[in-house]
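Input: a single structure, listed below in structure tokens.
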Amino acid sequence: LLRSKRRWVLSTIELQEEMEVEYPFKITTVKNYIITGQSLTFVISGDGVHDGLFSIDDVTGDVYVHKKVDREEKEIYHITFDVWDESANTKMDRELSFDVQVKDLNDNAPMFTNIMKIVSVDENTAEGFLPASMEFKDKDKEKTINSTVSISVVSQNPAEPKINVTQIDDRMARLTFKGCFDYDKAKQFKVKVTASDHGKPPLSTTEVITLNIVNKNNNAPKFKQKQYEVEAVEMTTHDDILRIAVEDKDAPNTDGWKAKYYFISGNEEEIYSLRTDPKTNECILSVVKEKNYNQNTLVNLTIGAENVEPLSICKDNKLIKDPKLLPPPDSVNVTVKMLDTNDAPVFEKYTDEVYQVEESEPGQVLYTPKVQDIDSPNVRFVMVEDPAGWMSLDEKTGKITTIKKMDRESPFVDENNIYRVVFAAIDDGTPPATSTCTIKVHLKDINDNTPKLVNSSMIFCDNKVIKIMVPAEDSDAEPYSGPFIFTLTGDKTLKRLWKLDPSLERGNYSIPLLIQDKQNMIGHETLEVEVCDCGGGNACVRTINPLSTNVSDAAIGTISLGLLLFLILLVIFVCNQPKRNFQSFEDQGQQSLIHYNEEGMSVDCKVS
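So for the sequence shown, the numbering used here puts the first residue at 2; every next one is plus one.
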């Protein structure tokens, strides 16, 4: 540090870090070669001065460092100094300063700041980058050879596949490999990596990365046998008719060990199914669809096996995943003997319909079935349901013939006019097999039922009404039922006498009627009518309340005896009279109009 033309010349002082010297060590001298003959005093202050790192000889101006400095702690020290005239006790110049620059020394080895020391690697990982990365740094001065770091693989065990390291930038690197891993050969790798700087001499740091290989599917399942034989019965489903074992060298209960099975050929009709037993890894063969075989039949099935996880193999240190380049899956042949059983007879139609007019003469062939039975040539027929007993069945041919007239109005005929007949065909197999057929006989209605009175007896309340309704019904359907025409029988005397008037005596009357339906079918009915006093209701009053009197017992006896004699004489008189008949009205009703009789003269107890 020099002064020129009364000005101080400032410069930066370089100080090597970590110097192996005797301390205090002189690093520079502050001098002024122009000023002479004066007594000067030098004073410094600033970075490191108060800490005792730097000092100055106040007489000579020598600047000292008292211990090693570390650039990584502080690279530049800023120091201020003053020069005093000791005799005048004044500053010679304004306050000035200088810098102490610490020179870098390669005293720091590279460090791994973030490194994956234990890594899991899938066995089927394609060559290239591994999931093992590392970050590093060097504390020495940046962008110098002392902080420039290179990463390398020092060693690995096992030696194959070859593992390297690729440096991403000046602070990150990642492991790579060429070839493929084989879990069966090596389950773990130890890789030693080194980070080295370029200083002189270079410094380095070493770490070990452990690669744990995760077992994947590099072994295809193999069938323990190549041929199986099994039996099954036709027309039935069977679960687990056969178990087929495989072996797989991959780790148990992983997707690379679990097998899945498929049909290569033989199951075009999808009669069989395959599933995997999750515990044993076996193939389970089942029959899931019924099929009829005319005789014992051999069915040849070819079954393949593969794993849930796609297969990949390491061959000649190359990973192969392409199915076209992989070996074909293992297969097994299964022969299923389908046993023919006695099949039931087969009707051409299991439900058929025929049409018949009711009340047709018996002896008509109603139905003849068509039946086939491949297993049994002899078939017999039996009647299962004929609730009305109208049919006969030929045991050999199955021909159904009527033996009675069929009535549509029978309770065995449903609301749709259908009578059901069920019969069965039974073969002579062992055991015998049976099929049934249902015949629906549709019965057409005819006018075979005359109209009838709904109620054959009625009450005529002479103290209330002068007419009564006479309802009728017909079991036939349209157009063989109502509306009805009501007339009295053709007896002229009846027509003349059946004229009711208010003086009609109370009693029971029998009225013969003719009821004609829509198709002129005539029914003969007798209506019983009781003429009586209904009081305040709609039924005849049957009891008479006794009169309350004060007549003596002798008087009552005399009255009773007189009454009895009067009744006897009245009966004798009536019975000796000639018989008179009622006669119905000559006028007739039309269509559904209702006619009512008028009061007449007769007092007879019965109309005939």
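We treat Cβ as the ideally placed atom computed from N, Cα and C, and that holds for glycine.
Values in this document were obtained by computation on a predicted structure and should not be read as measured data.
Worksheet item: In angstroms, rounded to a whole number, what distance separates the CA positions of V103 and A110?
Response: 19 Å
Practice prompt. Report buried or exposed for S88, applying the criterion of at least 16 other Cβ atoms within 10 angstroms of its Cβ.
Written response: exposed
Worksheet item: Is E307 near P330, with beta carbons less than 8 Å apart?
Response: yes
Worksheet item: DSSP on L367, reduced to helix/strand/coil?
Response: strand
Fill in: Status (buried if at least 16 other CB within 10 Å, exposed otherwise) for V31
buried
Discussion item. Let's see if you can read the secondary structure: which residues bound the beta strand (DSSP E) around V414?
Written reply: It is not in any beta strand (DSSP E) - V414 carries neither H nor E in the DSSP assignment.
Worksheet item: If you compare alpha carbons, which of F224, P513, K397 and S274 is closest to T527?
Response: P513
Discussion item. Taking only three categories from DSSP, how would you classify L163?
Written reply: Checking the displayed sequence, the identity of residue 163 turns out to be Lys instead of Leu. Looking at K163 - three-state DSSP - the assignment turns out to be strand.
Worksheet entry | Simplified DSSP assignment, three categories, for W258 | coil
Worksheet item: Which of the three DSSP states, helix, strand or coil, is assigned to I447?
Response: coil
Worksheet item: How many Å lie between S148 and S134 at the Cα?
Response: 20 Å
Worksheet item: Are M610 and E136 touching if we call contact CB-CB under 8 Å?
Response: Nothing can be reported for residue 610: it is not among the residues displayed for the chain, which extend from 2 to 609.
Worksheet item: Whose C-beta lies closer than 7 Å to the C-beta of I404 among residues of the same chain, with five residues either side of it excluded?
Response: P363, W391, M392 and S393
Item to complete: Rounded to whole angstroms, what's the CA-CA distance from Y510 to M522? Just pull it up for me.
Response: 26 Å
Discussion item. Check whether the region 196-205 and the region 143-160 touch, using three or more Cβ-Cβ pairs below 8 Å as the test.
Written reply: yes
Discussion item. Below 8 Å, how does it come out for the region 375-382 and the region 316-334: are there three or more Cβ pairs, yes or no?
Written reply: no
Fill in: CB contact flag (T281, A260, <8 Å)
no
Item to complete: Determine the direct distance from the alpha carbon of K142 to that of K75, and round the result to whole angstroms.
Response: 11 Å
Worksheet entry | Nearest to S287 (by Cα), restricted to the options V247, E208, G399 and H239 | H239
Discussion item. Between which residues of its own chain and I169 is the CB-CB distance below 7 Å, once the five residues before and five after are set aside?
Written reply: R175
Discussion item. Can you tell me whether E208 is helix, strand or coil according to DSSP?
Written reply: strand
Discussion item. Less than 8 Å between the beta carbons of T439 and A426, yes or no?
Written reply: no
Discussion item. On the CB-based measure, 16 or more other CB atoms within 10 Å of its CB, does Q365 come out buried or exposed?
Written reply: exposed
Fill in: Distance between V542 and C535 (C-alpha atoms, nearest Å)
5 Å
Worksheet item: If you draw a straight line from the C-alpha of P346 to the C-alpha of V300, how long is it?
Response: 25 Å
Worksheet entry | Residues bridged to Y229 [DSSP beta-bridge criterion] | V335
Worksheet item: What are the residues that DSSP puts in a beta bridge with Q102?
Response: E15 and I77
Worksheet item: Measuring CB to CB, does E128 end up less than 8 Å from F190?
Response: no
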